[in-house]
Amino acid sequence: MQLQVALDVLDLPAALTLADQVSEHVDILELGMNLSPQLGHLP
1 MQLQVALDVL DLPAALTLAD QVSEHVDILE LGMNLSPQLG HLP
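In my numbering, the protein residues as written are 1 to 43.
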């Protein structure tokens, strides 16, 4: 079994902080839809 976490936060710095805090405990980090437009991806 694998643990996946979706980073559904509103800004990149918050997502990176959260990713750093949970990365050693999860197998998959998923980019939430809220961040996609900020990074140049359209929903």
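Even for Gly, the Cβ is constructed at its ideal location relative to N, Cα and C.
C-alpha gap between residue i and residue j, whole angstroms
i, j, result
"Met1", "Leu7", "20 angstroms"
"Glu24", "Asp11", "21 angstroms"
"Leu29", "Leu18", "10 angstroms"
"Leu16", "Gly32", "12 angstroms"
Contact belief for residue i with residue j at Cβ below 8 angstroms, rounded distance in angstroms
i, j, result
"Asn34", "Val9", "7 angstroms"
"Asp27", "Leu3", "5 angstroms"
Closer than 6 angstroms: residue i CB and nearest the ligand SAM heavy atom
i, result
"Glu30", "What this structure holds is no ligand at all, so the ligand SAM is not there to describe."
Span of the beta strand (DSSP E) around residue i
i, result
"Val9", "Val9 -> no beta strand (DSSP E), and no H or E assigned at all."
DSSP state of residue i mapped onto helix, strand, coil
i, result
"Leu35", "coil"
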